[in-house]
Amino acid sequence: MHLALVGTPNSGKTSLFNALTGSRQKVANYPGVTVERKEGAFVTPMGRQVSLIDLPGTYSLRGRSPDEEITRDVVLGRTAGEALPDLVLCVADSTNLRLTIRLLLELKSTGRPLMLVLNMFDIATRRGVTVDVPHLAEALGVPVVTSIAVRKGGTANLLRLTDDVLAQSPGKPRENLWRPLSVSELRTTQREADRIIASTVSLPARPDTWTARVDSVVLHPVGGLAILLLILFVMFQAVFAWAQPLMRLLSAGFDALGQFVHDAVPAGLVQSFLQNGVISGVGSVVVFLPQIIVIFLFILLLEDFGYMARAAFLMDRIMGGAGLHGRAFIPLLSSFACAIPGIMATRVIDNRRDRLTTILIAPLMTCSARIPVYTLIISAFIPPKLIWGWINLQGLVMFGLYAAGIASALGMSFLIKFLMWRDYQPAPFMLELPDYKMPRLRSVAIGVYTRALMFLQRAGTTIFAMMVLIWFLASFPQPPAGATDPAIDYSLAAMIGKAIEPLLLPVGFNWQIAVALIPGMAAREVAVAALGTVYAIEGGKEAAAQIGEALASKWTLATALSLLAWYIFAPQCASTLAVIRRETGSWKWMAVTFIYMLTLAYLASLATYNIAVAAGLG
Amino acid sequence: MSESNDRPQLPLGLARRGFTGVIQHLAAGQAGSALSDTELESRLIELGFVEGAKVEVLHEGIVGRDPIAVRVENVTIAVRRREAMAIIVA
């Protein structure tokens, strides 16, 4: 049996989905579109195997975005590879039935068997909303059931009624009479919905005072912004303070595992492949798992609580100035930790083009993997002197690098809109601000778990393949017997490095830098260790101080500044590119990101190097 | 609805925080929105902005008092002033 969940955004559809299917969920994308497809399974009390699909939230079947088209097409059985649902569960927030009842009236014309689920019925009862359920079912002509998704046993009635409905002989299938509604038909269905509600539902005189009180603080023009900044501050602290020890632990674990393999396996290709290719390759990606979990914990908690819509409200005009959607704020912010969770978090943006713009500029935010590269070069080349007695020059350069990242991201967003989507009408900001609800830990935990799993699956497939490729380039061919130079000098990576050196000469890079850029594709901070390798310094990441000294004696300041400028833009992160490919469902956008970032990096370095040389720093 | 019928009509896009009223009609052509008139009107209706609905402006944004958070019957909707110009209230 195939069931589908349909409902307006904020109807509690996802928590109902989680309550019904638990952790037995499969999350993927619909083929060719950036829309998340969530499917789960459960067994009814009568023993029916049911597969449940959670369709994107929508207010109507008009299909004004790719998400809403999916909902419409699945309900109408137009999607290839999707079963026509045997029963459509229309989920409503019981405290707020108006918009869902209108949607239900529209769904009736599709001819699919329907059931209305009055979700969050406990909150409605507490607030003094009373619903005459039998009368409502009669007026609508569909079965109606109450449910409390977040409470144990809260879906018992729903499961029982599902059995009853599925047990009925289907009779002769009803025809699909749905067609897009005209404005006046929309108006008529809303009036009809209001009439049915007026005769079957009694609403309390006063609205939810708790939400009103919280909003009077949270949406205050000054206080609201202060609270938003405070939340972000706590979130960042959490990402660095909570995730960092775990990341170090994971990193040490992978190092130890690598060392174990190093000791257990005789020296040679197999050893190098296992230690440097497999273990350190996978390790350099899995290390980001704690950050991803912490960021998604925050995002899902805030989303469940109802705050994300408020953050979008506060940031809308500020983000809008750069052509971004208010909802792009949190994904871009997450990208300061790592672009991977940031890009995954763009799923909160409904509109496809707004989402793509955000994905394309997310890697320009200075992620934490750039920090080791920045600190290495800054501490080696920038003297720690004070300007005007209190500004540290090193800190100022670091700040400048962050600021350049942000400024270029905003500029790119502007440019992307101008170049690619001039004809495109931006989705006007129209968003329901749902009443606040206590987040349910079970539901949040399932959400974080599925995200973490998704990330690990990616780390295990696409990203792993790239890591192996990079290892291969850095290891083959092998150095001849009796070679004295570092092994990487004889590899394909070195050949490529030397081959592209003429291209990089104008920006002040020598072939050693070019070589280091190749293993640096695995993850930006790997470039530090790679520079160490090419300059034949033992000790990897821990030897940053020695590497710094070596660089200071071999590079000019102009080269160092040029490399810093390069790293603001350089698309040197295989994992980010892989995630962009998965999230957008196309190689095209991955290629677009790679090329535009590479172009920016080259131009920025070219300008930096030539200005620095002209200023006598070469 | 009767007591507000005597009040002058104005677009919701000009209403300030604390304003309460009733929707008289929709005039999508007056909004200057990026959406077509039909699309804008459809979206507004889907979010519950229909004739006779009670509205209250609850909050205003930081920059230029935009967007606004509007209570429509028992739902709160955030909308930019530009689009709210299509909602004629009294």
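Those protein sequence lines, which keep their order, are chains U and G.
Numbering of the first sequence is given in my numbering, commencing with residue 547 and proceeding in unit increments.
Numbering of the second sequence is given in my numbering, commencing with residue 1312 and proceeding in unit increments.
We put the beta carbon where it would ideally sit given N, CA and C, even for glycine.
Note that the coordinates shown come from a computational prediction; the quantities given were computed from them, not determined experimentally.
Using a 10 Å radius around the Cβ and a threshold of 16 neighbouring Cβ atoms, would you call residue 1084 of chain U buried or exposed?
One-based indexing of the first sequence puts residue 1084 of chain U at position 538. Any reading at residue 1084 of chain U is ruled out, since the residue's pLDDT is 48, under 50, leaving its predicted position unreliable.
Quick check on the DSSP output: the beta strand (DSSP E) that includes residue 587 of chain U runs from which residue to which?
As a first step, residue 587 of chain U is located in the first sequence; it is residue number 41 there, counting from the start. Counting along the chain, the beta strand (DSSP E) containing residue 587 of chain U begins and ends at 582-589.
Pull up the distance between the alpha-carbon of residue 560 of chain U and that of residue 700 of chain U, whole angstroms please.
Start at 1 with the first residue of the first sequence, and residue 560 of chain U comes out as number 14. Start at 1 with the first residue of the first sequence, and residue 700 of chain U comes out as number 154. If you take the alpha carbons of residue 560 of chain U and residue 700 of chain U, they lie about 15 Å apart.
Leaving out five residues on either side along the sequence, give the residues of the same chain with a beta carbon under 8 Å from the beta carbon of residue 683 of chain U.
Locating residue 683 of chain U in the first sequence gives position 137, where the first residue counts as 1. Closer than 8 Å at Cβ, skipping near neighbours: 662, 689, 690.
Run through DSSP, which three-state label would residue 1086 of chain U get?
Working through the first sequence from its first residue, we reach residue 1086 of chain U at position 540. Low per-residue confidence applies at residue 1086 of chain U: pLDDT is 48, beneath 50, and the placement is therefore not dependable enough to give any value.
Once DSSP output is grouped into helix, strand and coil, what is the label at residue 1313 of chain G?
Numbered from 1 along the second sequence, position 2 holds the residue referred to as residue 1313 of chain G. Bear in mind that the predicted position of residue 1313 of chain G carries a pLDDT of just 46, short of 50, making it too unreliable to give a figure here.
Out of U:1025, U:670, U:573, U:1081, state which residue places its alpha-carbon closest to the alpha-carbon of residue 496 of chain U.
With chain U represented from 547 up to 1164, any question about residue 496 of chain U goes unanswered, as that position is not in the structure.
Express the C-alpha separation of residue 1382 of chain G and residue 671 of chain U in angstroms, rounding to a whole number.
Walking along the first sequence from the start, residue 671 of chain U turns up at place 125. Walking along the second sequence from the start, residue 1382 of chain G turns up at place 71. About 21 Å.
Using C-beta distances below 7 Å, list every residue in its chain close to residue 645 of chain U, excluding the 5 sequence neighbours before and after it, in chain order.
Position 99 of the first sequence, counted from the start, is the residue given in the question as residue 645 of chain U. Here the set comprises 554, 605.
In chain U, which residues lie less than 7 Å from residue 1327 of chain G when you measure between Cβ atoms?
Along the second sequence, one-based indexing puts residue 1327 of chain G at 16. None at all; the shortest Cβ gap to chain U is about 13 Å.
Taking C-beta pairs closer than 7 Å, name the residues in chain G that residue 974 of chain U reaches, listed in chain order.
As a first step, residue 974 of chain U must be located in the first sequence, where it is residue number 428. Near residue 974 of chain U (Cβ distances below 7 Å), the residues of chain G are 1344, 1345, 1346, 1391, 1394.
Taking the beta strand (DSSP E) that residue 597 of chain U falls in, what are its first and last residues?
The sequence position of residue 597 of chain U within the first sequence is 51, counting from 1. Counting along the chain, the beta strand (DSSP E) containing residue 597 of chain U begins and ends at 595-600.
Identify, in the order they occur along the chain, each residue of the same chain with its Cβ nearer than 7 Å to the Cβ of residue 873 of chain U, setting aside the five sequence neighbours on each side.
On the first sequence, position 327 is the one that residue 873 of chain U refers to. These residues qualify, in order along the chain: 858, 894, 895.
How many angstroms separate the CA atom of residue 622 of chain U from the CA atom of residue 634 of chain U?
To locate residue 622 of chain U, count along the first sequence from 1; it is residue 76. To locate residue 634 of chain U, count along the first sequence from 1; it is residue 88. Distance between the alpha carbons of residue 622 of chain U and residue 634 of chain U: 11 Å.
By the criterion of Cβ-Cβ separation under 9 Å, what are the contact partners of residue 1369 of chain G in chain U?
Stepping through the second sequence from its first residue, residue 1369 of chain G is reached at position 58. Result: 758, 761, 762, 765, 979.
The alpha helix (DSSP H) that contains residue 922 of chain U, what's its start and end?
Numbered from 1 along the first sequence, position 376 holds the residue referred to as residue 922 of chain U. 916-927 is the extent of the alpha helix (DSSP H) around residue 922 of chain U.
When you check each C-beta in the region 1355-1366 of chain G against every C-beta of chain U, which residues fall closer than 7 Å?
Here the close residues are 1356, 1357, 1358, 1359, 1361.
Beta-carbon of residue 1401 of chain G versus every beta-carbon of chain U: anything under 8 Å?
Reading the second sequence from its first residue, position 90 is the one you call residue 1401 of chain G. Residue 1401 of chain G does not count as touching chain U.
Should residue 1108 of chain U be flagged as near chain G, meaning a C-beta pair shorter than 8 Å?
Within the first sequence, numbered from 1, the residue matching residue 1108 of chain U stands at position 562. False, the Cβ-Cβ gap to chain G never drops below 8 Å.
Name the residue from U:1032, U:1133, U:953 whose alpha carbon lies nearest to the alpha carbon of residue 1146 of chain U.
Taking the first residue of the first sequence as 1, we reach residue 1146 of chain U at position 600. Of the listed residues, the one whose Cα sits closest to residue 1146 of chain U is U:953.
Just the C-alpha distance for residue 720 of chain U and residue 883 of chain U, rounded to the nearest angstrom, thanks.
Numbered from its first residue, the first sequence carries residue 720 of chain U at position 174. Numbered from its first residue, the first sequence carries residue 883 of chain U at position 337. Looking at the two C-alpha atoms, the distance is approximately 52 Å.
Give me the chain G residues within the contact set of residue 859 of chain U, using Cβ-Cβ distance strictly less than 7 Å, ordered along the chain.
Reading the first sequence from its first residue, position 313 is the one you call residue 859 of chain U. Chain G residues near residue 859 of chain U: 1372, 1378, 1380, 1389.
If you compare alpha carbons, which of U:841, U:697, U:1059, U:1036 is closest to residue 1047 of chain U?
The sequence position of residue 1047 of chain U within the first sequence is 501, counting from 1. It is U:1059 whose Cα lies nearest to the Cα of residue 1047 of chain U.
Rounded to whole angstroms, how far is the Cβ of residue 891 of chain U from the Cβ of residue 880 of chain U, which I believe are closer than 8 Å?
For the purposes of this step, residue 891 of chain U is taken as residue 345 along the first sequence, with counting starting at 1. For the purposes of this step, residue 880 of chain U is taken as residue 334 along the first sequence, with counting starting at 1. About 5 Å; that satisfies the 8 Å criterion.
Quick check: is the beta carbon of residue 605 of chain U nearer than 8 Å to any beta carbon in chain G?
For the purposes of this step, residue 605 of chain U is taken as the residue at position 59 of the first sequence. Cβ-Cβ to chain G under 8 Å: yes for residue 605 of chain U.
Once DSSP output is grouped into helix, strand and coil, what is the label at residue 604 of chain U?
Position 58 of the first sequence, counted from the start, is the residue given in the question as residue 604 of chain U. Correct three-state label for residue 604 of chain U: coil.
Would you please state the rounded distance, in angstroms, between the beta carbons of residue 637 of chain U and residue 749 of chain U? I believe it to be under 8 Å.
Walking along the first sequence from the start, residue 637 of chain U turns up at place 91. Walking along the first sequence from the start, residue 749 of chain U turns up at place 203. Incorrect: roughly 19 Å between the Cβ atoms, too far for contact.
Figure out for me which residue from U:835, U:996, U:992, U:889 has the closest Cα to the Cα of residue 790 of chain U.
Here the question's residue 790 of chain U lines up with position 244 in the first sequence. Among U:835, U:996, U:992, U:889, the Cα nearest to that of residue 790 of chain U is on U:835.
Could you tell me whether any Cβ in chain G is nearer than 8 Å to the Cβ of residue 820 of chain U?
Start at 1 with the first residue of the first sequence, and residue 820 of chain U comes out as number 274. It does not: the Cβ of residue 820 of chain U has no partner Cβ on chain G nearer than 8 Å.
In whole angstroms, what is the alpha-carbon distance linking residue 1323 of chain G and residue 1375 of chain G?
Locating residue 1323 of chain G in the second sequence gives position 12, where the first residue counts as 1. Locating residue 1375 of chain G in the second sequence gives position 64, where the first residue counts as 1. Rounded to the nearest angstrom, the two C-alpha atoms are 15 Å apart.
Can you give me the C-alpha to C-alpha distance between residue 1099 of chain U and residue 1158 of chain U, rounded to a whole angstrom?
Taking the first residue of the first sequence as position 1, residue 1099 of chain U is located at position 553. Taking the first residue of the first sequence as position 1, residue 1158 of chain U is located at position 612. Looking at the two C-alpha atoms, the distance is approximately 18 Å.
Can you tell which of U:906, U:658, U:598, U:610 has its C-alpha closest to the C-alpha of residue 584 of chain U?
Counted from its first residue, the first sequence places residue 584 of chain U at position 38. Among U:906, U:658, U:598, U:610, the Cα nearest to that of residue 584 of chain U belongs to U:598.
Who are residue 1371 of chain G's beta bridge partners in DSSP?
What you label residue 1371 of chain G is simply residue 60 of the second sequence in a count that begins at 1. Answer by DSSP bridge pairing, in chain order: G:1379.
Could you have a look at residue 1150 of chain U and say whether DSSP puts it in helix, strand or coil?
Position 604 of the first sequence, counting from 1, holds the residue named residue 1150 of chain U. Correct three-state label for residue 1150 of chain U: helix.
Applying a beta-carbon distance threshold of less than 8 Å, which residues of chain U neighbour residue 1386 of chain G?
Within the second sequence, numbered from 1, the residue matching residue 1386 of chain G stands at position 75. Simply 642, 644, 645, 978.
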